[in-house]
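**Student:**
Here it is, written out as structure tokens:
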């Protein structure tokens, strides 16, 4: 069951496979020539898509997007130290410590001392974590990244520059944000 946000034939957003987010009669359609409103509406749709995906993960799998990202990185990279994991998921080590604490509390990950260097503590995925990975939906970031990679390079550059311009217009350049959803 897909949980993506799509436009219906009348130009309104709706969530596929679930509740209707916007529909005819709920919000007036944005005129095609009202670019500033179309941009704002697009930004809002992106925000809502992330919220919906996060809610679905939390509700159906009792896990957050960052927790799933860490589990996937651990499954791919094998046992990792907190610092190695933090680099892989573009988060600070202090943030990853909290995420790993919650994963270990849920029995999805395990901390263990390295057999080669007893001073090192590594994190690995448990069998329960592997089961969750197999049943959880693909992370929104992975789906979007794959779609973006399939675009022609010129279109990727255009989207990148346009979004960076929006960030600058919102005076948000100094806000620290990892490249993950």
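Residue numbers (the UniProt record's numbering): 1 to 181.
Heads up, the beta-carbon is just placed ideally off N, CA and C, and yes, glycines get one too.
1. Out of curiosity, what's the CA-to-CA distance linking residue 7 and residue 114?
2. Please determine if the segment 53-68 and the segment 94-106 are in contact, where contact requires at least 3 C-beta pairs separated by less than 8 Å.
3. Which residues in the same chain as residue 71 place their Cβ atom closer than 8 Å to its Cβ, once the five residues preceding and following it in sequence are excluded?
4. Report the start-end ranges of each alpha helix (DSSP H) in the segment 64-90 that is 4 residues or longer and not cut off at the edges.
5. Alpha carbons only, please: which of 141, 170, 157 and 174 is nearest the one belonging to residue 89?
6. Do you know how far the Cα of residue 155 is from the Cα of residue 163?
7. Can you say whether residue 55 is buried or exposed, counting buried as having 16 or more other CB atoms within 10 angstroms of its CB?
8. Bridge partners of residue 44, per DSSP?
9. Just checking my contact of residue 122 with residue 95 at CB under 8 Å: how many whole Å lie between their CB atoms?
10. How big is the Cα-Cα spacing for residue 181 and residue 138?
11. Kindly indicate if chain B contains any beta-carbon less than 8 Å away from that of residue 134.
12. Indicate whether residue 30 and residue 41 have their beta-carbon atoms separated by less than 8 Å.
13. Using a 10 Å radius around the Cβ and a threshold of 16 neighbouring Cβ atoms, would you call residue 172 buried or exposed?
**Tutor:** So, to answer that:
1. Because the pLDDT of residue 7 is 46, which lies under 50, any placement of that residue in the model is unreliable, and the number read from its coordinates should be weighed accordingly. Approximately 50 Å between the Cα atoms of the pair.
2. yes
3. 63, 103, 108, 109, 125, 129, 132 and 133
4. 65-77 and 82-88
5. 141
6. 12 Å
7. exposed
8. DSSP lists no partner for residue 44.
9. Actually they are not in contact, since the Cβ atoms of residue 122 and residue 95 sit about 18 Å apart, beyond 8 Å.
10. 12 Å
11. No chain B is present in this structure, which holds just one protein chain.
12. yes
13. exposed
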